Amino acid sequence: MKREIIITGDGSTTIQIPEWNEQYHSIHGAIQEANHVFIKHGLQHYNTLYCSKEADSESKNIGILEIGFGTGLNAFITLIEAQKLGLHINYTGVEAYPVSPQEIDALNYTNSLQTENSDILFNKLHSTTWEEAHKIHDDFTLTKRQQFFSKIKDVEEYNIIYFDAFGARVQPQLWTEDIFEIMFKALKPKGVLVTYSAKGSVRRAMQAVGFKVERLPGPPGKREMLRASK
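Just so it is clear: in the sequence shown, position 149 is 149 by our numbering, and no numbers are missing.
Now the structure itself:
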């Protein structure tokens, strides 16, 4: 299936699948969306609730599962934010169809997201081998797994899930009770799942498997998003 690089509303790139009229990130702004949905309402929210007030170092260790590793944008922003917050991140990115090296080279995230050795760190996210853990930075370990989301078997492994699959319009099978039951099992108690979607059917599927679900203001171009808590 053909994929192409496009520029989104905030100047950052994403990948588009013309046949589906579907993008890996919001056309209104890839970086804006990632920061709003996954960092503000995911990582920062969890840090405020469970990490920032705790004295022991164990509370600073956070396991994150990303559903749809894709361009690596969410992982890259998380790496940068973790340094600011003093967190230790064990990040697992699941992706059935990895992005090609040519597509990675065409992405411009390091132009906007500046940190020490940003180009090296972003490239390292993609150049490391799959199916094994790699230390990307002192406080960030990455494991990339090439698998279908329905095959995930993790049990109470993660504090946060970034649910960033293609939309229910084009891949409704990824937004079912069966999938969210897998997500619920993968989360530790008090864990949270965040997603850009706000569809009623998605919210009901989450609730049906035991999640407590909140509607939150969405990123630019989207009225609402969802956060689910275990």
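Every residue gets a Cβ at the ideal spot worked out from N, C-alpha and C, and that includes glycine. Please read these numbers as outputs of a predicted model, since none were measured by experiment.
Apart from the five residues on each side of it in sequence, which residues of its chain come closer than 8 Å, Cβ to Cβ, to residue i?
| i | result |
| --- | --- |
| residue 5 | 13, 14, 15, 16, 103, 106, 107 |
| residue 51 | 59, 60, 62, 85, 87 |
| residue 203 | 213, 215, 226 |
| residue 189 | 156, 230 |
| residue 75 | 66, 69, 91, 93, 125, 142 |
| residue 161 | 64, 65, 66, 67, 183, 186, 187, 191, 192, 193, 194 |
| residue 121 | 76, 79, 115, 136, 137 |
By the three-class DSSP mapping on this structure, what secondary structure does residue i have?
| i | result |
| --- | --- |
| residue 90 | strand |
| residue 188 | strand |
| residue 112 | helix |
| residue 238 | Shown here, the chain extends from 1 to 230; a query on residue 238 therefore has no answer. |
| residue 27 | coil |
| residue 147 | coil |
| residue 229 | strand |
| residue 7 | strand |
| residue 156 | coil |
| residue 224 | strand |
| residue 170 | coil |
| residue 132 | coil |
| residue 2 | coil |
| residue 72 | coil |
Following the continuous alpha helix (DSSP H) through residue i, name the residue where it begins and the one where it ends.
| i | result |
| --- | --- |
| residue 206 | 200 to 208 |
| residue 103 | 101 to 105 |
Sort out for me which residues DSSP pairs residue i with in a bridge.
| i | result |
| --- | --- |
| residue 137 | 140 |
| residue 163 | 67, 195 |
| residue 22 | 17 |
| residue 97 | Paired residue(s): none; residue 97 is not in a bridge. |
| residue 179 | DSSP output for residue 179 lists no bridge partner at all. |
| residue 61 | 88 |
Can you list, in chain order, the residues of its chain whose CB lies under 6 Å from that of residue i, leaving out five sequence neighbours each side?
| i | result |
| --- | --- |
| residue 32 | 10, 219, 220 |
| residue 143 | 92, 133 |
| residue 309 | Because the chain is modelled from 1 through 230, residue 309 falls outside the range shown and cannot be assessed. |
| residue 47 | 85 |
| residue 228 | 193, 206, 211, 213 |
Pull up the CB-CB distance for residue i and residue j, whole angstroms please, since I reckon it's below 8 Å.
| i | j | result |
| --- | --- | --- |
| residue 184 | residue 174 | Not really, about 15 Å apart at Cβ, beyond 8 Å. |
| residue 149 | residue 179 | 6 Å |
| residue 222 | residue 26 | 7 Å |
| residue 205 | residue 154 | Contact doesn't hold; Cβ gap of about 19 Å is too wide. |
| residue 197 | residue 216 | Not quite, the Cβ-Cβ distance comes to about 12 Å (not below 8 Å), so this is no contact. |
| residue 139 | residue 83 | 6 Å |
| residue 77 | residue 35 | 6 Å |
Can you name the start and end residues of the beta strand (DSSP E) that residue i belongs to?
| i | result |
| --- | --- |
| residue 212 | 212 to 217 |
| residue 120 | Unbroken run through residue 120 is the alpha helix (DSSP H), 118 to 127; no beta strand (DSSP E). |
Looking only at its chain, what residues have a beta carbon closer than 7 Å to the beta carbon of residue i, apart from the 5 residues adjacent to it on each side?
| i | result |
| --- | --- |
| residue 1 | 17, 19 |
| residue 81 | 39, 43 |
Between residue i and chain C, is the shortest Cβ-Cβ distance under 8 Å, so that the two count as touching?
| i | result |
| --- | --- |
| residue 220 | Absent here is chain C; the protein component of the structure consists of one chain. |
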